[in-house]
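Q: Can you keep this structure in mind? I'll have questions shortly.
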Amino acid sequence: MPKRIVAGIRNIGHRVIDGVWRLGVASRFFLLVLFKSGTSLRRFNLVIRELYFTGVLSLIIIVVSGLFVGMVLGLQGYETLQKYGSESAVGTLVALSLVRELGPVVAALLFASRAGSAITAEIGLMKATEQLSAMSMMAVDPVARVVAPRFWSGVISMPLLAAIFSVMGVFGGYLVTVVFIGVDEGTFWSQMQDAVDFRFDIMNGFIKSCYFGVAVTAIAVFEGYDAPPTAEGVSGATTRTVVTSSLAILGLDFILTAFMFRGVS
Amino acid sequence: MTSEHLIEISGLNFSYDTRAILKGIDMTMQRGKVIAIMGGSGSGKTTLLRLIGGVIQPTSGYVKFAGQVVHELDRDALFKLRRKMGMLFQFGALFTDLSVFDNVAFQMREHTNLPESMIRDLVLMKLHAVGLRGAHQLMPNQLSGGMARRVALARSIALDPMLIMYDEPFTGLDPISLSVIGNLIRRLTDALGMTSIVVTHDVQESLKIVDYVYFIADGVIAAEGTPQEVRASVAPFVHQFVHGEEDGPVPFHYPAQSYQKDLNLENKRA
């Protein structure tokens, strides 16, 4: 029995040490990517090419999800607010929920599943099929040529996708509450304009989505680059990207919200 | 080392953790020759190529390429040195998101300031040399295994390197592609005045085209010589390898306790 307990404690210790070690490796890799971003910034067409794959190809899922989330918010918000005779505030509810929280967070979660997993799989497969080794043997640094452009494309496209998500959400809310239910259009927009502050709401939402963009893409490129060069290794890395990114987004969201909206009424 | 030797390897040892892969390898490779490195799977052949390319560091000993000790170079100097080397990976390792043309043009665009019109001409010339000028618009997933290997060969000679390393270039090819790749290796080496190192276990194909052969077994050089010497060799390992015999110095059976003991026959007899 004591042997089992010792083995269990040792196992926990191993896992903790492995986790800390991996975090250290990931942090070093992140710094390396930043350090080697010169090529991406000098040859910006490399980033633009990746922007198409990470940003443009994610548009459909972001637009459709944003629309539905906004429609559901409008419905639920109207149902609750009308009990208190405040259905005219539904525009405010929809806009603030989206701009402050749901826009950045849900867009980032979708981005992690759609683009993050694709980045990991692509880099992992390039490693497994020796494309990264071949590049290195051609005296071209894979971190500068393959990883950094993908990282920056994610960082750039995330805030834009979050903004599109919020806009579509507001439109979805408008469709349900104003067009279908019949809430007064003037009140819907004017209350929204009155309540949403550019500095505290829109800018904070934008800053959040920038953090999420960095976190998701950094995790995605690291997992891809670090993936064991086998089919099983790449599939494991892709799953880890989605799981770790999602947890990172939710954790970061709490921390950022605590800092940003403390004391804001 | 004389200047006619492009590569000199001396006392080269390499271990993964505590497992020794290469033990005291000494080799010299003459300029303009095709040299084969043969040995069974896991004998350390590919590791040797990675050491020559500076991808991994030796535990002790050194590899000298064109007078420079590879593992002592800093990163920039190593990358500069690698521009003089080409490498053909086992399955080509073509960039799957680039067309055949862009694959061959990759190094030219990365390392030179040549105008696009000149790059176009050079790429078509390299592709013509491997017989695939007409395939320059195809994507790698539209190529057969042999074609992909030829495109990779065109890519590796893009900057006219001094050395090309071939990692198992004959694996998984049909007889025609096999012969085409073999002849290309010989022809390009002669035409461009390069040195070629072919890591392979395809004895018959490689003996047709190479100038010198090293056999590696258990991390040491088990035998070496010209193709004629190798064919005539009576050394047990070389004989077994060249003639593909099932049993010999490389045993058929993985080491195990006695067969009778494993089947519990000894106790029953007693």
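As you go down the protein sequences, you meet chains F and Y in turn.
Under our numbering, the first residue of the first sequence carries the number 642, and numbering increases by one thereafter.
Under our numbering, the first residue of the second sequence carries the number 12, and numbering increases by one thereafter.
The beta carbon of each residue, even a glycine, is placed where N, CA and C say it ideally should be.
1. On the premise that arginine 786 (chain F) lies in contact with threonine 680 (chain F), defined as a C-beta separation below 8 Å, what is that separation, rounded to the nearest angstrom?
2. Buried or exposed, going by whether 16 or more other CB atoms sit within 10 Å of the CB of asparagine 124 (chain Y)?
3. Threshold first: 4 residues or longer. Then list the alpha helix (DSSP H) segments lying entirely within the segment 138-182 of chain Y, N to C.
4. Taking just the CA atoms, how far does asparagine 194 (chain Y) sit from arginine 131 (chain Y)?
5. From threonine 770 (chain F) to glycine 53 (chain Y), what does the alpha carbon distance come to, in whole angstroms?
6. So, helix, strand or coil for histidine 254 (chain Y), using DSSP?
7. To the nearest angstrom, report how far apart phenylalanine 900 (chain F) and leucine 739 (chain F) are at their CA atoms.
8. Can you tell which of Y:Arg93, Y:His139, Y:Phe102 has its C-alpha closest to the C-alpha of valine 115 (chain Y)?
9. Can you find a C-beta in chain F that's less than 8 Å from the C-beta of methionine 96 (chain Y)?
10. Using only the alpha-carbon positions, how far apart do histidine 147 (chain Y) and aspartate 87 (chain Y) sit?
11. Can you pull out the residues from the segment 761-773 of chain F whose beta carbon lies closer than 7 Å to at least one beta carbon of chain Y?
12. What residue from F:Leu897, F:Thr898, F:Val713, F:Arg881 has the CA that sits closest to alanine 753 (chain F)'s CA?
13. Determine whether the Cβ of methionine 779 (chain F) lies closer than 8 Å to any Cβ atom of chain Y.
14. Determine, for glutamine 118 (chain Y), whether the minimum Cβ-Cβ distance to residues of chain F falls below 8 Å.
15. So with CB distances below 7 Å, who are the chain F contacts of glycine 64 (chain Y)?
16. Using beta carbons (cut-off 8 Å, strictly below), is alanine 775 (chain F) in contact with chain Y?
17. Establish whether the CB of phenylalanine 100 (chain Y) and some CB of chain F are separated by less than 8 Å.
18. Applying a beta-carbon distance threshold of less than 9 Å, which residues of chain F neighbour alanine 233 (chain Y)?
19. Decide if alanine 878 (chain F) is buried, meaning its Cβ has at least 16 other Cβ atoms within 10 Å, or exposed.
20. Quick check on DSSP: helix, strand or coil for glutamine 79 (chain Y)?
21. Which first and last residues belong to the alpha helix (DSSP H) in which arginine 197 (chain Y) is found?
22. Could you tell me whether the Cβ of methionine 12 (chain Y) comes closer than 8 Å to any Cβ of chain F?
23. What does DSSP give as the partner residues of glycine 97 (chain Y) in its beta bridges?
24. For valine 817 (chain F), does the count of other Cβ atoms within 10 angstroms reach 16, so buried, or fall short, so exposed?
25. Where in the segment 698-731 of chain F do unbroken runs of the alpha helix (DSSP H), each at least 4 residues long, occur, reported from the N-terminal end onward?
26. Given a threshold of 16 other Cβ atoms within 10 Å of its Cβ, counted over all protein chains shown, does alanine 267 (chain Y) qualify as buried or as exposed?
27. The beta strand (DSSP E) with valine 210 (chain Y) in it runs from where to where?
28. Among the candidates F:Gln834, F:Arg791, F:Arg755, whose CA atom is the shortest distance from the CA of leucine 692 (chain F)?
29. Determine the DSSP secondary structure at serine 668 (chain F), reduced to helix, strand or coil.
30. Going by beta carbon distance, what residues of the same chain come within less than 8 Å of arginine 645 (chain F), once the five residues before and after it are set aside?
31. Where does the unbroken beta strand (DSSP E) through phenylalanine 226 (chain Y) begin, and where does it stop?
A: A quick look at the data gives this:
1. So it is a contact: roughly 6 Å between Cβ atoms.
2. Label assigned to asparagine 124 (chain Y): exposed.
3. Fully enclosed alpha helix (DSSP H) runs of 4 or longer: 156-167.
4. Cα-Cα distance, rounded: 25 Å.
5. Rounded to the nearest angstrom, the gap between the Cα atoms of threonine 770 (chain F) and glycine 53 (chain Y) is 19 Å.
6. Histidine 254 (chain Y) falls in the helix class under three-state DSSP.
7. If you draw a straight line from the Cα of phenylalanine 900 (chain F) to the Cα of leucine 739 (chain F), it comes to about 18 Å.
8. Answer by Cα proximity: Y:His139.
9. Chain F, which has a Cβ nearer than 8 Å to the Cβ of methionine 96 (chain Y), makes this yes.
10. Going from the Cα of histidine 147 (chain Y) to the Cα of aspartate 87 (chain Y) covers about 32 Å.
11. Taken in chain order, the members of the segment 761-773 of chain F whose beta-carbon sits within less than 7 Å of a beta-carbon on chain Y are Thr770, Glu771, Gln772.
12. Taking only the C-alpha atoms, the option nearest alanine 753 (chain F) is F:Arg881.
13. It does: the Cβ of methionine 779 (chain F) has a partner Cβ on chain Y nearer than 8 Å.
14. At least one chain F Cβ lies under 8 Å of glutamine 118 (chain Y).
15. Scanning chain F for C-beta atoms nearer than 7 Å to the C-beta of glycine 64 (chain Y) yields Met778, reported in chain order.
16. Yes - at least one Cβ of chain Y is within 8 Å of the one on alanine 775 (chain F).
17. Interface with chain F (8 Å Cβ-Cβ cutoff): phenylalanine 100 (chain Y) is included.
18. The premise fails here: alanine 233 (chain Y) is roughly 28 Å from chain F at the closest Cβ pair, so nothing lies under 9 Å.
19. Buried is the label assigned to alanine 878 (chain F), since at least 16 other Cβ atoms lie within 10 Å of its Cβ.
20. Looking at glutamine 79 (chain Y) - three-state DSSP - the assignment turns out to be strand.
21. Segment 186-203, the alpha helix (DSSP H) holding arginine 197 (chain Y).
22. Note on methionine 12 (chain Y): pLDDT 45, under 50, position unreliable in the model; the coordinate value appears next. Residue-level contact check: methionine 12 (chain Y) does not touch chain F, since none of the beta carbons of chain F fall below 8 Å from its beta carbon.
23. Paired residue(s): Y:Ile175.
24. Label assigned to valine 817 (chain F): buried.
25. Segments of the alpha helix (DSSP H) lying fully in the segment 698-731 of chain F: 700-722.
26. Around the Cβ of alanine 267 (chain Y), a 10 Å sphere holds fewer than 16 other Cβ atoms; the residue is exposed.
27. First-last of the beta strand (DSSP E) with valine 210 (chain Y): 206-211.
28. For leucine 692 (chain F), the nearest C-alpha among the options comes from F:Arg791.
29. Looking at serine 668 (chain F) - three-state DSSP - the assignment turns out to be helix.
30. Cβ neighbours of arginine 645 (chain F) beyond the five flanking positions: none.
31. Phenylalanine 226 (chain Y) -> beta strand (DSSP E) spans 223-228.
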